[in-house]
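Colleague: Sharing a structure with you now.
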Amino acid sequence: MSLILLAEQVLNGLQFGIMLFLMAAGLTLIFGVMGLINLAHGSLYMVGAFCAAAVAGATGSFALGLAAALAGAAAAGALIELLVIRRLYNRDHLDQVLATFALILIFSEGTRWLFGSFPLYLEVPGALAGPVALPFGIQYPAYRLALIAIGLIVAAGLFWLIARTRLGIRIRAGENDREMVAALGVDIDRLYTVVFALGAALAGLAGALVGAIQSVQVGMGEPVLILAFVVIVIGGIGSIKGALVGALLVGLTDTLGSVFLPALFKLFMQPAAATQTGASLASMSIYILMAMVLIWKPTGLYGART
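Sequential numbering from 2 applies to the sequence shown in my numbering.
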């Protein structure tokens, strides 16, 4: 095994994990504070990607595309919270699942109506288009390194927001005892709208950043949503720290498994069978990881015991 290949795949896993964290952080905030199962979170990821692709394509500015992704996803999140989600807080989880699944269909068909069925493409900024020379002769794409840096900066900002600001205090208090927070004079409805918009903005940012690596198309958010649920189950529901650790574990497990498991099986099997067996096991690896974590700690790595 080449050490350069291993280092490159570790960086790929970190980049993938950071993008999953942006998705999972918003999802765990929404579930932890509101107790809401939001299947439409992947649609907000898609909204951010389409907003970024459309604005960057029209203006030629990737920065404006990112700003549009944040604004568009946050606005979409605030709108559906006001019109739909607000009516679901005291309803059964099955009602929440059905309503947010309906939102997936609405967002998918609305996006197809606005942008068409063909994928859009978001260009990588020229300054980040080439590789960066790292130690030991590693050449790694500058854009992927920028994604890792942006994700870590956002994670640090989110930790600061939750731990050090008045809004963060209200979010943590609302997670623990929303009735008492409302009794103390906090506008709980406005707090929920802000939290939902913040989670939507994080999902939109992730969609915009990933949109420059892959095509932007209808339905792109649902596979990522499944992985985000795996992340918050591993990390612990309601924990931002758990979302970060879980996302990095999932990203590294998925990336390293998909690259090295087929190569490992080639030592014992015919190449064709080894590739198929290794790829199948690699796709199962994150769920095996989730099962192992839950056997060891049923609440997740950083989940609160009830």
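Glycine included, C-beta positions come from ideal geometry on N, C-alpha and C.
In this text the structure is predicted, and so the values were computed from the model without any measurement.
How would you call Y46, buried or exposed, if buried means at least 16 neighbouring beta carbons within 10 angstroms?
Modeller: Buried, because 16 or more other Cβ atoms sit within 10 Å of the Cβ of Y46.
Colleague: Can at least three beta-carbon pairs, one atom from the stretch 193-209 and one from the stretch 60-77, be found at a separation below 8 Å?
Modeller: Yes, they touch.
Colleague: To the nearest whole angstrom, what separates the beta carbons of T112 and I38, a pair I think is in contact under 8 Å?
Modeller: In fact, because the Cβ distance is near 22 Å, the residues do not count as touching under 8 Å.
Colleague: What is the DSSP secondary structure of A130, counted as helix, strand or coil?
Modeller: A130 falls in the coil class under three-state DSSP.
Colleague: Can you give the beta carbon distance from L30 to V195, rounded, assuming they're within the 8 Å contact cut?
Modeller: Not a contact, Cβ separation roughly 10 Å.
Colleague: Quick check on V217: does DSSP put it in helix, strand or coil?
Modeller: The answer is strand: DSSP assigns V217 an E or B state.
Colleague: List the whole-angstrom C-beta distance separating A280 from P263, where the pair is believed to meet the contact cut-off of C-beta under 8 Å.
Modeller: 6 Å
Colleague: Around the Cβ of S44, are there at least 16 other Cβ atoms within 10 angstroms (buried) or fewer (exposed)?
Modeller: buried
Colleague: Using 10 angstroms around the beta-carbon of T60, count the other beta-carbons present and answer buried if the total reaches 16, otherwise exposed.
Modeller: exposed
Colleague: At what residue ranges does the stretch 61-128 contain a whole run of the alpha helix (DSSP H), taking only runs of 4 or more?
Modeller: The alpha helix (DSSP H) runs of length 4 or more contained entirely in the stretch 61-128 are, from start to end of the chain, 63-84, 94-116.
Colleague: Give the C-beta separation of G33 and L257 to the nearest angstrom, bearing in mind that I take them to be a contact with Cβ-Cβ under 8 Å.
Modeller: The pair is not a contact, with the Cβ atoms about 29 Å apart (cut-off 8 Å).
Colleague: Per DSSP, what are the beta-bridge partners of P142 in this structure?
Modeller: P132
Colleague: Rounded to whole angstroms, what's the CA-CA distance from L115 to R87? Just pull it up for me.
Modeller: 26 Å
Colleague: Leaving out the 5 sequence neighbours to the left and right, which residues in its chain are closer than 6 Å to V1 when beta-carbon positions are compared?
Modeller: An answer regarding residue 1 cannot be provided, because it is not within the stretch 2 to 307 covered by the chain.
Colleague: Is S118 buried or exposed, if buried means 16 or more other CB atoms sit within 10 Å of its CB?
Modeller: exposed
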